[in-house]
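Residue numbers (our numbering), protein chains in the order written: chain A, 76 to 345; chain B, 842 to 1152.
Written out as structure tokens, the structure is:
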């Protein structure tokens, strides 16, 4: 029988599949080029010709959303899964050796986590200048810390277990024990957490672009599109609201799939 | 309790020192030249060199750091490059609005989140639970800037019930002007409260002492509220402490959406103008605020729950 958890996982997976395929095929599906101006058809409400209407310079919002989703997904996957192995490895080292190594790594993690993430990223962008590069650097600077904290906690438990003690008794090198024996066991909680991290990073990147500090116009990015519609909220509500709704759907779909993976691995909260 | 307090304060010291180093290092380690950014691409190398020298950015890092820290200790965070005012004056002016926004937002989150979490836990796996969990998942994935705009559109522009921007710093107008921003901010925390409190409640509701309370014939309502929820209070305090950084990030965006003159909108303005002294100071203040708030919540938790301070 299909339980409600399976149903929610299937719905999430289906939504995610549709979004990813649509984003990958943006060049094929999009009815118009994302930056094609058409002043004569500016601020048109949603119709069959323009599914999400047009913006103040007549660009097709739906086409821009497709390209925006593609950009957002690629960048978010990059800034989520690039720091993951680095964080896990550092956390594993801290938990394995304990002592001074642990203190240095753990205090650094404490400091990085103490900064509100968005504030840290904005501080980085203030130096690099607004743009995608600054946003990516900023998210990478802070992104590894949570994974390190998770992996360290798991490693403290793991290092006392039989198979690790056995590996040490056999005289394997520390690096071999950490990488070959411990790491595969440490990845689970990080992978479960990474679903929430994807949502957090997506909202961070879109938020940064909304503030004018991330992806710069005219490049299509969901947060930037919402920002461009802010001035037309009353006269053309669709420019700001519909792209934001797409962000919500992506977030919900990723969370549903992440929860399902967590439940399956016995880390859920249901 | 005094011993616990002392231990926690001492543990926070290295983190605060680390924060000051990190906030200081950001402008030196991140690729990009702050002076070049500030002056624009057309500035000649000579001008850049002169300004760098005037700001003391060409001196050895340890020397610059010591000067920065000795200023911070006596409450001098330097002058804003673009606003020509002491940073501390700006912070004082802008901190009040942010403080009220955060407080109001947390209240909204508790008022909405706690009853929903209780309801969800009590009706586990029934339809009410499913709906509340879907609501929580949706709220978690909702961009604050978008939610703020939608609320402003519906309740401000269309219905005309609440102001869509600005800020009045006297009661009761303060409450009115911050209502939509606080709901926007609170909703992201509501999602987290529902998730965490629900699982904490489910755990306490299946524990032996709750079974014992039920066996004594207490009403289910009393069991849930007096025995279940009370024991999950610690979890709730921790949720707020752990997510305070997340909330501050939300405030940055929301202050910009609703044009509230707080520290968050100041940070965005400073970053867009490349005012790096102001950015450094605000980053440090945000980090220290998180550490202090976590410390205070830890102490409240320890005061409420003797198991924590005695372990």
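Cβ coordinates follow ideal geometry from the N, Cα and C atoms, glycine included.
Would you decide whether residue i is buried or exposed? Buried here means 16 or more other CB atoms lie within 10 Å of its CB.
i	result
residue 908/B	exposed
residue 76/A	Note that residue 76/A has pLDDT 41, beneath the 50 cutoff, so the model's placement of it is unreliable and the number below is only indicative. Classification of residue 76/A: exposed, given that the 10 Å Cβ count is below 16.
residue 987/B	buried
residue 869/B	exposed
residue 1084/B	buried
residue 844/B	exposed
residue 127/A	buried
residue 312/A	buried
residue 142/A	buried
residue 1031/B	buried
residue 326/A	buried
residue 290/A	buried
residue 1050/B	exposed
residue 277/A	buried
residue 941/B	buried
residue 1013/B	exposed
residue 238/A	exposed
Is the beta carbon of residue j closer than 8 Å to that of residue i?
i	j	result
residue 1122/B	residue 859/B	no
residue 285/A	residue 306/A	no
residue 989/B	residue 1022/B	yes
residue 211/A	residue 154/A	yes
residue 984/B	residue 322/A	yes
residue 1027/B	residue 191/A	no
residue 261/A	residue 163/A	yes
residue 270/A	residue 230/A	no
residue 335/A	residue 83/A	yes
residue 205/A	residue 288/A	yes
residue 169/A	residue 255/A	no
residue 140/A	residue 318/A	yes
residue 188/A	residue 243/A	no
residue 943/B	residue 1092/B	yes
Residue i CB to nearest chain B CB: under 8 Å?
i	result
residue 185/A	yes
residue 158/A	no
residue 315/A	yes
residue 164/A	no
residue 214/A	no
residue 344/A	Low per-residue confidence applies at residue 344/A: pLDDT is 47, beneath 50, and the placement is therefore not dependable, though the value from the model is reported in the following sentence. Closer than 8 Å to some Cβ of chain B, the Cβ of residue 344/A qualifies, so yes.
residue 246/A	no
residue 121/A	no
residue 191/A	yes
residue 76/A	With a pLDDT of 41 at residue 76/A, under the threshold of 50, the modelled position of that residue is not reliable, and no figure is offered here.
residue 331/A	yes
residue 155/A	no
residue 204/A	yes
residue 326/A	yes
residue 341/A	no
residue 104/A	no
Just checking: is the beta-carbon of residue i within a distance shorter than 8 Å of some beta-carbon in chain A?
i	result
residue 1002/B	no
residue 903/B	no
residue 878/B	yes
residue 987/B	yes
residue 1118/B	no
residue 889/B	no
residue 1071/B	no
residue 865/B	no
residue 983/B	yes
residue 921/B	no
residue 1055/B	no
What are the start and end residues of the alpha helix (DSSP H) that includes residue i?
i	result
residue 1077/B	1074–1083
residue 869/B	843–870
residue 312/A	312–339
residue 195/A	192–203
residue 1002/B	Residue 1002/B -> no alpha helix (DSSP H), and no H or E assigned at all.
residue 208/A	207–233
residue 925/B	Counting along the chain, residue 925/B falls outside any alpha helix (DSSP H), and DSSP gives it neither H nor E.
residue 122/A	Run containing residue 122/A: none; DSSP gives neither H nor E here.
residue 260/A	258–285
residue 905/B	902–914
residue 162/A	158–172
residue 986/B	985–992
residue 1109/B	1104–1113
residue 1144/B	1117–1145
Requested in this report: Give, in chain order, every residue of the segment 266–291 of chain A whose Cβ lies closer than 7 Å to some Cβ of chain B.
Outcome: 274, 278, 281, 282, 285, 286, 287, 288
**Report entry** Residues, ordered as in the chain, of the segment 221–239 of chain A that lie near chain B by beta-carbon distance below 8 Å
**Finding:** none
Query raised in the report: Any residues in the segment 291–302 of chain A with a beta carbon nearer than 9 Å to a beta carbon of chain B? Which ones, in chain order?
Result: 297, 298, 301, 302
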